[in-house]
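What follows is one structure encoded as structure tokens, with my remarks underneath.
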Amino acid sequence: MKAEERAATLTGSELELVGISKAFGSTQAARDCNLSVGRGEVIALLGPSGCGKSTLLNIVAGFETPDSGSVLLRGKKLNDVPPHKRNVAMVFQHYALFPHLTAADNIAYGLRARRKTAAQVRERVDAMLALLKLDGLGGRYPSQLSGGQRQRVAIARALAVDPDILLLDESFSALDKNLREEMQLELSLLLHRLHITTILVTHDQREAFSLADRVAVMEAGRIAQIGTPREMYETPVNSYVLQFLGSSNRLSVEVTREGESARIQIAPGLEFTTENIPEDLVGKNTALLHLRTEDVLIGDSPSAVHRAEPGVITFTTFLGAQERVVILLGSQQIIVDRQATSRNQRPAELGAKVYLDFDPARGRLSVVS
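Read in order, the letters of the sequence shown correspond to residues 112 to 480 in the numbering used here.
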């Protein structure tokens, strides 16, 4: 099921963050954050280091107390509820497995803390070992397990207690690329099959998109935008979100006001008119245009819209499914990422003259910083 379709089927708000703010000294880690997570929904908090995503996760877990605002679970305020009474489970970045306990005993830890009977513990541990494909490994210690197996044990321990909310804190960053992608797919299928309400923190766009029904991009303690992965990628609200989701060019442009609109010139003949002008650009005659590298097209002749002079290919590199081409157009260096496997496309040649085309609606403007 696509993220958009799944998001539409989710009913009821399981978790709400209302006006959450948190400061550490003079650093404002969270600024009036509002977030509603549907029952069974997977939400990703995505952003660079220091943007506040881990602070929000720790507030949900109860490890931090907000300076203002409320955390609500099914309408019940959790602000003063200690972590061990919230029925929230977390999978940490480095798993936090007990090295002196076997995999089975690590999984059983939370169950025993909840005073489950020996029979209940054994039944639940066996079920988790089977669910996470750890059959036959319950007697091994963490040092005897691979990275992927340790990851599965950490997830099994979190799921064993049947949490209301599952929290994932950069839980895949310690794995190599291939194993990380394999585990992301496995976990995505598992979470959606079990219908577990989940919040994950990551700085990896691919991880956020592969796991989450909706993604919240954070900037300086605020939620800049939230939506399905497709919504976020195709309609970013500003240049910050566009830059963070994928590769983009930052091009210096000239701005000429024409009534309610403005003419944006990248190079002589390569220009467009827009009415989508950020407030902080009013009165400015220069700006930055942020344009995704895959949204720029290369052609052998000028387009009907953009009649610019040709640019010159100065660098190419083969990246497997993609080819990256660097083009010098006047004083602008423009990066283009295009499919490298197209049969109707000649490989880019150094020194070749080419024309560029793009959809202006795909770009975002910002003030020159």
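Don't be surprised by glycine CBs; every beta carbon is placed ideally from N, CA and C.
Query, Result
"Taking three-plus beta-carbon pairs below 8 Å as touching, is the region 124-142 in contact with the region 283-303?", "no"
"Which residues does DSSP pair with F174 in a beta bridge?", "Answer is none; F174 lacks a bridge partner."
"Rounded to the nearest angstrom, what separates T120 and R150 at their Cα positions?", "Its pLDDT being 46, under 50, T120 is placed unreliably in this model, and the value from its coordinates should be taken loosely. Cα to Cα, T120 sits roughly 10 Å from R150."
"On the three-state DSSP scale, how would you describe F320?", "helix"
"If V407 sits next to L467, beta carbons under 8 Å apart, how far is it from one beta carbon to the other, in whole angstroms?", "6 Å"
"Taking C-beta to C-beta, are S477 and P340 nearer than 9 Å?", "no"
"Assign A114 to one of two classes, buried (16 or more other C-beta atoms within 10 Å of its C-beta) or exposed (fewer than that).", "Here the model assigns A114 a pLDDT of 49, short of 50, so the residue's position is not dependable, and the following value carries that caveat. Under this definition A114 is a buried residue."
"Go through its chain and collect everything with a Cβ distance to F320's Cβ below 6 Å, but skip five positions before and after it.", "P340"
"For R475, list the residues DSSP reports as bridge partners.", "H401"
"Taking the beta strand (DSSP E) that F383 belongs to, which residues open and close that run?", "381-385"
"Report yes if the C-beta distance between L222 and I170 is below 9 Å; otherwise report no.", "no"
"On a Cα-Cα basis, can you pick out the residue from T346, R368, I377 that is closest to N360?", "I377"
"Quick one: what's got a C-beta closer than 6 Å to A219's C-beta in the same chain, skipping five residues either side?", "V232, V236"
"Relative to the alpha-carbon of Q204, which residue among Q450, T308, R325, E281 has its alpha-carbon at the smallest distance?", "E281"
"Count the other CB atoms within 10 Å of the CB of S350; is the residue buried (16 or more) or exposed (fewer)?", "buried"
"So, I154 versus T309, is the Cβ gap smaller than 9 Å?", "yes"
"Quick check: the Cα distance between V272 and V326, rounded to an integer number of angstroms?", "26 Å"
"Judging by CA-CA distance, which residue of Q316, T367, V364, F383 is the nearest neighbour of F355?", "Q316"
"Classify H401: buried if its beta carbon has 16 or more other beta carbons within 10 angstroms, exposed otherwise.", "buried"
"Helix, strand or coil: which one does DSSP assign to A119?", "Confidence at A119 is low in this model, with a pLDDT of 41, below 50, so its placement is unreliable and no value can be given for it."
"Where does Y206 sit, in a helix, a strand or coil, going by DSSP?", "coil"
"If we ignore side chains and look at the alpha-carbon of each, how far apart do Q443 and V437 end up?", "10 Å"
"Let me check one thing: in DSSP terms, what residues is Q295 bridge-paired to?", "Per DSSP, none; premise fails for Q295."
"Could you check the C-alpha separation between T346 and C162 for me, to the nearest Å?", "21 Å"
"If we call anything under 9 Å between Cβ atoms a contact, is V182 one with L278?", "no"
"Figure out for me which residue from L146, I131, S124, K227 has the closest Cα to the Cα of G186.", "S124"
"Note down the Cα distance separating G500 from F283, rounded to an integer number of angstroms.", "Absent from the structure is residue 500, since the part of the chain shown begins at 112 and ends at 480."
"Could you pull the DSSP bridge partners for V423 from this structure?", "L439, K464"
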